[in-house]
Structure formats: C-alpha cells, structure tokens
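Chains as they are written, first to last, in our numbering: chain A, 10 to 371; chain B, 10 to 371. For each residue, glycine too, the CB sits at the ideal point set by N, CA and C. Predicted model only: the values in this text are computed from it and were never measured.
2 protein chains.
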Amino acid sequence: MNNSLAEAFKHATYYLSGHSKRNVRVLKQALTAIDDEQASDMYGRGEVIENFQAKMANYLGKEAAVFFPSGTMAQQIALRIWCDKKGIKRVAYHPLSHLEIHEEDGLKKLHQIETILIADETRVIELEDVVSLGKDIACLLLELPQREIGGQLPEYQTLEAISTYCGDNNIKLHLDGARLLEILPFYQKSAAEICGLFDSVYLSFYKGIGGIAGAILAGDQVFTEQSKIWKRRHGGDIISLYPYIISADHYFEQRKDNMAEYYHQAKELALAFNDCRKSATTPVMPTSNMFHVHFSAAREKLEPILSSICLETGIGITGYLKSTSNQTCSFEVSIGDRYQQIPKDLLQKGFKLLDERLGKIE
Amino acid sequence: MNNSLAEAFKHATYYLSGHSKRNVRVLKQALTAIDDEQASDMYGRGEVIENFQAKMANYLGKEAAVFFPSGTMAQQIALRIWCDKKGIKRVAYHPLSHLEIHEEDGLKKLHQIETILIADETRVIELEDVVSLGKDIACLLLELPQREIGGQLPEYQTLEAISTYCGDNNIKLHLDGARLLEILPFYQKSAAEICGLFDSVYLSFYKGIGGIAGAILAGDQVFTEQSKIWKRRHGGDIISLYPYIISADHYFEQRKDNMAEYYHQAKELALAFNDCRKSATTPVMPTSNMFHVHFSAAREKLEPILSSICLETGIGITGYLKSTSNQTCSFEVSIGDRYQQIPKDLLQKGFKLLDERLGKIE
Chain A
10 MNNSLAEAFK HATYYLSGHS KRNVRVLKQA LTAIDDEQAS DMYGRGEVIE NFQAKMANYL
70 GKEAAVFFPS GTMAQQIALR IWCDKKGIKR VAYHPLSHLE IHEEDGLKKL HQIETILIAD
130 ETRVIELEDV VSLGKDIACL LLELPQREIG GQLPEYQTLE AISTYCGDNN IKLHLDGARL
190 LEILPFYQKS AAEICGLFDS VYLSFYKGIG GIAGAILAGD QVFTEQSKIW KRRHGGDIIS
250 LYPYIISADH YFEQRKDNMA EYYHQAKELA LAFNDCRKSA TTPVMPTSNM FHVHFSAARE
310 KLEPILSSIC LETGIGITGY LKSTSNQTCS FEVSIGDRYQ QIPKDLLQKG FKLLDERLGK
370 IE
Chain B
10 MNNSLAEAFK HATYYLSGHS KRNVRVLKQA LTAIDDEQAS DMYGRGEVIE NFQAKMANYL
70 GKEAAVFFPS GTMAQQIALR IWCDKKGIKR VAYHPLSHLE IHEEDGLKKL HQIETILIAD
130 ETRVIELEDV VSLGKDIACL LLELPQREIG GQLPEYQTLE AISTYCGDNN IKLHLDGARL
190 LEILPFYQKS AAEICGLFDS VYLSFYKGIG GIAGAILAGD QVFTEQSKIW KRRHGGDIIS
250 LYPYIISADH YFEQRKDNMA EYYHQAKELA LAFNDCRKSA TTPVMPTSNM FHVHFSAARE
310 KLEPILSSIC LETGIGITGY LKSTSNQTCS FEVSIGDRYQ QIPKDLLQKG FKLLDERLGK
370 IE
C-alpha cells in the first residue's frame, strides 16, 4: 500500500508542501540570467563566492560568512572551533538535533566531541535546561525551529535569556538556522536581530529558500577564517561551488519576502487538519511554514485514504507516512510555492473527504 | 611584474594548457542535452547518481563506485576505512602527496592517521621503498602520475611488483588516480587493468576530463558502503550532487578518448621547451598530458619575457611562475583542448622569441 501512495503522490496535480519538483529545471532557471562568461569561484576565492558571502554576512548581521556545500559540514566545524577555543570537547543540544540523528555521528567520529542532550524529545529547550547544564561545555546549539517536533519555537524572551546566560558563562551559542528565514514572521524580527543573540549561525539554502544545496556559516572574522581551514580538511573546499551559490542567491532573492505568506498559509492549513477527526498538528498553531500532522490510526489504514483522495482530487497530501506506533502515524508539511496553486474549493473537497474517511476508521 | 603577466595571460588569444576558461558556460553546455524533468539525486539515491556510479564502477573494473564532491574527502575516507579494517592507524605515501601538502592535514586532524613519507621529493616510489617500510601500515597510496614532480610515472612492472608485494603482506593499495585517464596512453592499458592492481581507486572529474568538480571512489561493495557512511559524516552526502555528476558524465564522454592526443601533444610541446636555452622540462619526456617547465633564471627575469610573448603572439604560456630559488622558477603545463587551437606557425614564432629572450638573460 505504501508504494501505491507514493505512486499516486508522484502523479498528483497539486501538492500541500514544497515549491516544485526537485529536478534539473530548478538549476537551469537559476542559471538563465547568468552570463556565460561569469568566472567560476576557485577554492573559495573569486567574486561569485566572495560577493555572496559578503551579502549573507550583511543580511545576518555578522562580520563574515563562508559558503559550505552542506550544513552537516558547517555545523560540525562551528562546534569544533568553539570546543578548541575553550579547550573543552563538550557541547549541548536537543535530543532530536540533526547532528544527533542524521549525521552518522560525524561530530563524535571525526571530532571526538562529547554531546549532552538537553530538554526532552517532545519540547524545545528552555532557560532552566541550560542553567542546569553547568558551565562545563564549550557551546550550546539551538535549532530554530525544532524541526523534528513539528518546527516548535521558544518564546523570544527565552532566546534572549539563554543568550545572556551563555554570554555570562563563557558558553558559545550557535544557531542551527537551517530554516532561519521561515521563523522571522513569527518573531517579527530581522535575521540580523535574531543572529545578534548567537555567536555563530548556520543557514540552509534548500529548505524554505528552495535552492539546490549549500549553506552559509557566519560569525566573527577569526571564527570564519578558522572555518575555512576546517572546510578544506573536510573536503568541502571544492574548486567550484558556483552551481550551488548561484542557485542559492537566485532563490534567496525570489523567496526571502514570501515567508510571511507561507507562515500564514501553514496556520490556515493546520486548522483544516485539526478540524478533521483523528487528526491533529504539532504545533497546534504553527510558528513557521512547517508542522507535523499526526493521525490516531495505523499507517496501513491511512495510506489508502490519502491515496484515494490524491486520485480523486489531484491533491498530494503526502507521499510518505511515518509509523509512530501501532495505532498512529504522521507526516511533515512544509509550505512553499505550491500550496497557493491549489484551488480553494478543491482543497475544501479534499478535507471533506479526509474527515469523512478518517471518521469511518474503526 | 607578476600582475602584468597575470593580466596579459588573462587576455591571451591562445593557451598552452587547459580546455577552456572555467566559467558558467562549462556548466550550461553540460546541461543543454539534459531534460528539465530529470529528477535530482536525493542524498546519494536516484537514477542520476546510481547510473553514473554503476557506469564508473564498470569502467574502472570495480564492484562498486561512489560519487564524492571532492577527492580530498574521498581519499581521506578510503585511508580511514583501510586503517579501521587492519586496526592500524598508519599509512604511507609520497612526500608531495596531495594529502600531505594541500589538505591542511585533514587526514591527521580528522582521522588521527599517522603518515609515513616514502621515496624522496624528486622521484616516484619504487618497490624497494615499499619493501623497506615493513608491514606495519594499513595502506600505501600511490599517485599516478605524481603531479608535483611534473607527472612522473613508475614503470608498469614496478606497479605490478608493488601490488603483489602489498597483497602478500596485508597492505591495502590505494590509487590516487586524480589523473588516471591521462596515463592510460603511456601504459597502453585500460583503466580497469590498472585499477586491478589496486584495492581502491579515486578518480577526479575536473583535471583532464574538465568537469566542474567531483570525484569517484571505487572498490569492493563492503568498502564503498562504508565510504557512504563516512561521506555523510564528512558532510559530503549532499542532497543534490547532480550539477557535478551531470557535468562529470558529459565531459567524461567528450574527452575520455582524447587522452592519447593530449599525451602526444605534451611530448611535442616538451620538446619545444627543451630546445630553448635555460629551459628544461620534468619529465624530459612526458608520460601523460602534463609536465613542469623549469627555467634557470629568476622569476623576475622571466615574467616580462612571458608577458611580452603573450602580448606579441597572443599565446598565453602561463599566468603564474613559481619561484623555486633565487635563480630558478617553474610552471605546470597540462594539455587539453586549447593546445591544438594554436596555429603551428604562431607557436613556432612564440618559441623562437622565447629562446632568443632566454638567451639574452645574463
């Protein structure tokens, strides 16, 4: 049944999530306006990389920024630099941090950095969690929004309090801002204002921005210069990063001002899911363009329902359900350009069908 | 004066080395024949990466192959896997290996692998060097051709003897084959025949092949599966590697059969340099598309000469001279598509001028 859901989803006309299919068109469109004679970057040098780094440093309100092929690489390196600076190979982050669950333990295997997991898996990190840690860590990493729990966010005052506490206690504060732009409408702050609370910041270009790949790591000049040395050690100082940089810049310009719209649409869509029987979102009220939908029914019961709705309305709700227990399953929504392409009446029809069919599950 | 040489070179009409300028056109041309709907790879999966990996595994005569964003990453990982397998964190390679001089000691800093430097800086590794090492190393890395000494190569019998010795003594043999295709005409062997002497092989796509960036690491299935885990740890398991893969495949097809021609032209060109006063190549007779040119005069004397020849004939000999002592300097030649575009009579004129002006140096 899983295959038939994936198959139906693949041929849907409309999609709740995302900007477009991830295909070669995304790259070609980014290249259209670029002069053929534009020179490649060369191992981190050249105007194509230096201009973009300067632009992002300015946007993030940091002294300098470095383009990386991936966030996995950028963040390990940030934590390594802060550990070396303090002389303590220990950092703290959320138990569901990307570094803990998606990176094959690179931080431990390559950098021998010990990790302390704080808060529990269901909620974001609060000031008390940080205070209870003691001062014997080099760096605290905060992921905003906390993706694996539906993109939850702490209060802005909490961020300020944690920042002050870390500053007072010689603990560096690093922002996993893979989805930084996506949270600006909720906080009603600029990127620079939020980054001002952190010593170092990472930003991804293929989430809400919708580029091909790549990341920015920003901080003070000493930090970013050290990060270039580690980038070379990791094998990330690639001779030409321009395919990623050009597309990052293109889609950053195209979408940076759309985030409030995505956020508004996420709240609207979450409401529709919460109005259905056996369906609820985390968070109940989204704080960015993303949330998780939880069904109180087994994956095997949901798959044919989502598949049938997809075939009948053309709306791809999701192509994959994660089984969270024998009687529950979930999936992630991440609003992009495609949501607004769905005709409103069709969307209503889809949710009517979803509610009816969920109601009939025994 | 250095700046004026670089400036003259930048505006040359013809070039001794390379295929073309490294600009966005190189990427656009590779994308021309690709369908816009072609799906991206996704974290190492999908037909665009899997098909190319299978193709390269077949070409190299290995069980499996993995596409990496860089050779720096691929080779550290190869050595790490072999060290873990034997339980000895020690490898051996040439003193001028890329890993030793161009990677900010990534192998040592990230993998804590000790390196033993064998042979001396002026020559390639011979069987006696390997035998004298003892058996207490996990892996021997051979770079073919040895780039930093002009692209020298050992005899094929030497490779066979080293391979047999390593096999008999439980030492893994890894090929730094950044320029593997470029040496096939000299050895008169297929890539698979040469790779058959090695346990693992790395191949680059932006040297003689002239792609954007990227590398293949090939070996047996257990080895390549482990390399994927380390690739993720390094931050190289990028969501979309297709800009590199598509261009690697495009230029591989375009240039793989040109290597004999580049090799022939390199020999012809080396002869011309060796016929000039105060000028000699290493090797005297190239064994691939590359060689180094050494001038027995100071860089400051050579720069205006090369600059003036460039302005008078339009031929860019080099844009950069490396000072090797107070009285000597050198540069690298690497033949690609551009060499054959130079009119023969113009090239003769250029060398006549070079010989005359070198002769006048006091």
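*Closer than 9 Å by beta-carbon distance: list the chain A residues that pair up with H107/B, in chain order.*
Taking the second sequence and counting its residues from 1, one reaches residue 107/B at position 98. The premise fails here: H107/B is roughly 11 Å from chain A at the closest Cβ pair, so nothing lies under 9 Å.
*Answer yes or no: do A379/B and A66/B have a C-beta to C-beta separation smaller than 7 Å?*
Because chain B in this structure spans residues 10 to 371, residue 379/B falls outside the shown range and cannot be described.
*Beta-carbon contacts of R366/B that lie in its chain and below 7 Å, excluding the five residues immediately before and after*: Translated into positions along the second sequence, residue 366/B becomes position 357. Once the five neighbours on either side are set aside, the close Cβ partners of R366/B are I314.
*Roughly how many whole angstroms lie between the Cα atoms of M10/A and N335/A?*
Counting from 1 along the first sequence, the entry for residue 10/A is found at position 1. Counting from 1 along the first sequence, the entry for residue 335/A is found at position 326. Note that M10/A scores a pLDDT of 43, beneath 50, so its modelled location is shaky; the value from the coordinates is reported in the next line. When rounded, the distance between both Cα atoms is 16 Å.
*Where N60/B and L136/B are concerned, what is the direct C-alpha to C-alpha distance, given to the nearest angstrom?*
Locating residue 60/B in the second sequence gives position 51, counting from the first residue. Locating residue 136/B in the second sequence gives position 127, counting from the first residue. Straight-line Cα distance between these residues: approximately 37 Å.
*Consult DSSP for T173/B and reduce its assignment to one of helix, strand or coil.*
For this step, residue 173/B is matched to residue 164 along the second sequence. Looking at T173/B - three-state DSSP - the assignment turns out to be helix.
*How do the region 151-161 of chain B and the region 282-295 of chain B stand: do at least 3 beta-carbon pairs fall below 8 Å, yes or no?*
Of all C-beta pairs linking the region 151-161 of chain B to the region 282-295 of chain B, three or more are shorter than 8 Å, placing the two stretches in contact.
*Is E59/B helix, strand or coil when you go by DSSP?*
As a position in the second sequence, residue 59/B is number 50, starting the count at 1. Reduced to three states, the DSSP call for E59/B is helix.
*Which residues in chain A sit within 9 Å of Q47/B, going by Cβ to Cβ distance?*
If you number the second sequence from 1, residue 47/B lands on position 38. Near Q47/B (Cβ distances below 9 Å), the residues of chain A are N32, V33, R34.
*Out of L105/A, Q235/A, S141/A, which has the shortest C-alpha to C-alpha gap to R132/A?*
The count along the first sequence starts at 1 and reaches residue 132/A at position 123. It is L105/A.
*Take the Cβ of V33/B as the centre, count every other Cβ of all protein chains shown within 10 Å, and call the residue buried at 16 or more, exposed below.*
Position 24 of the second sequence, counted from the start, is the residue given in the question as residue 33/B. That one is buried.
*asked:* Rounding to the nearest angstrom, what Cα-Cα distance links I247/A and L126/B in this structure?
replied: For the purposes of this step, residue 247/A is identified with residue 238 of the first sequence, where counting begins at 1. For the purposes of this step, residue 126/B is identified with residue 117 of the second sequence, where counting begins at 1. Roughly 26 Å separates the two Cα atoms.
*Boundaries of the alpha helix (DSSP H) in which D354/A is found, first to last residue*: Locating residue 354/A in the first sequence gives position 345, where the first residue counts as 1. It spans 353-368 - the alpha helix (DSSP H) in which D354/A sits, taken as one unbroken run.
*asked:* Against chain A, with Cβ distances strictly below 7 Å, would H183/B count as a contact?
replied: Position 174 of the second sequence holds residue 183/B. Chain A has no Cβ within less than 7 Å of the Cβ of H183/B.
*What is the rounded straight-line gap between the Cα of M268/A and the Cα of Q197/A?*
For this step, residue 268/A is matched to residue 259 along the first sequence. For this step, residue 197/A is matched to residue 188 along the first sequence. C-alpha separation (whole angstroms): 11 Å.
_Proximal residues of chain A, C-beta to C-beta of S288/B below 7 Å_ = To locate residue 288/B, count along the second sequence from 1; it is residue 279. Within chain A, no residue comes near S288/B; the closest Cβ sits about 28 Å away, beyond 7 Å.
*Put S256/B into one of helix, strand or coil per three-state DSSP.*
Position 247 of the second sequence, counted from the start, is the residue given in the question as residue 256/B. Assignment of S256/B by DSSP, reduced to helix, strand and coil, places it in the helix class.
*Cβ of I221/B within 7 Å of any chain A Cβ*: Indexing the second sequence from 1 puts residue 221/B at position 212. Answer yes: the Cβ-Cβ gap between I221/B and chain A drops below 7 Å somewhere.
_Nonlocal neighbours in the same chain, by C-beta distance under 8 Å from G323/A, ignoring five residues either side_ = Position 314 of the first sequence, counted from the first residue, corresponds to residue 323/A. So the qualifying residues of the chain are A21, T22, Y23, L355.
*asked:* Counting only Cβ pairs nearer than 8 Å, list the residues of chain B close to E123/A.
replied: Within the first sequence, the letter at position 114 stands for residue 123/A. The premise fails here: E123/A is roughly 16 Å from chain B at the closest Cβ pair, so nothing lies under 8 Å.
*Span of the alpha helix (DSSP H) holding H20/B?*
Indexing the second sequence from 1 puts residue 20/B at position 11. Judged by DSSP secondary structure, H20/B falls outside any alpha helix (DSSP H); it is assigned neither H nor E.
_Start and end residues, alpha helix (DSSP H) containing G80/A_ = Stepping through the first sequence from its first residue, residue 80/A is reached at position 71. 80-95 is the extent of the alpha helix (DSSP H) around G80/A.
*Among the residues of its own chain, which have a CB less than 7 Å from the CB of K144/B, if the five just before and after it don't count?*
Within the second sequence, numbered from 1, the residue matching residue 144/B stands at position 135. Excluding positions up to five away in sequence, the list reads N178, N179, I180.
*Using the Cα positions of S199/A and L193/A, report the straight-line distance between them to the nearest angstrom.*
Within the first sequence, residue 199/A is the residue found at index 190, counting from 1. Within the first sequence, residue 193/A is the residue found at index 184, counting from 1. Distance between the alpha carbons of S199/A and L193/A is about 6 Å.
*Which ranges does the alpha helix (DSSP H) cover as unbroken runs of at least 4 residues, wholly within the region 110-166 of chain B, from first to last along the chain?*
115-120, 136-140
*Which whole-angstrom value describes the C-beta separation of V302/A and F340/A, a residue pair presumed to lie in contact below a C-beta threshold of 8 Å?*
Position 293 of the first sequence, counting from 1, holds the residue named residue 302/A. Position 331 of the first sequence, counting from 1, holds the residue named residue 340/A. The pair is a contact, with the Cβ atoms about 6 Å apart (cut-off 8 Å).
*Relative to the C-alpha of K276/B, which residue among L25/B, R286/B, S297/B, D266/B is closest?*
Translated into the one-based positions of the second sequence, residue 276/B becomes position 267. Measuring from the Cα of K276/B, the nearest candidate turns out to be S297/B.
*Under 7 Å between C-beta atoms, does E113/B make it to chain A?*
Here residue 113/B is taken as the residue at index 104 of the second sequence, counted from 1. It does; some Cβ of chain A falls within 7 Å.
*Put L168/B into one of helix, strand or coil per three-state DSSP.*
The count along the second sequence starts at 1 and reaches residue 168/B at position 159. L168/B: helix per DSSP, three-state reduction.
_Extract the residue ranges of the beta strand (DSSP E) inside the region 287-361 of chain A, only unbroken runs of 3 or more that lie entirely within it._
The qualifying runs are 288-291, 299-304, 331-334, 337-343.
*Going along chain A in order, which residues have a C-beta closer than 8 Å to the C-beta of D44/B?*
Position 35 of the second sequence, counting from 1, holds the residue named residue 44/B. Residues of chain A passing the Cβ test: V33.
_Under 8 Å (Cβ pairs) to chain B, residues found in the region 155-174 of chain A_ = Interface annotation for the region 155-174 of chain A against chain B: empty, criterion Cβ-Cβ distance under 8 Å.
_Buried or exposed for K237/A, going by 16 or more other Cβ atoms inside 10 Å?_
Within the first sequence, numbered from 1, the residue matching residue 237/A stands at position 228. Buried: at least 16 other Cβ atoms inside 10 Å.
*C-alpha distance - K117/B paired with E123/B, whole-angstrom precision*: Taking the first residue of the second sequence as position 1, residue 117/B is located at position 108. Taking the first residue of the second sequence as position 1, residue 123/B is located at position 114. Straight-line Cα distance between these residues: approximately 6 Å.
*For T327/B, which residues of its own chain have a beta-carbon under 6 Å away from its beta-carbon, when the five flanking residues on both sides are left out?*
Taking the first residue of the second sequence as position 1, residue 327/B is located at position 318. Correct list, in chain order: F340.
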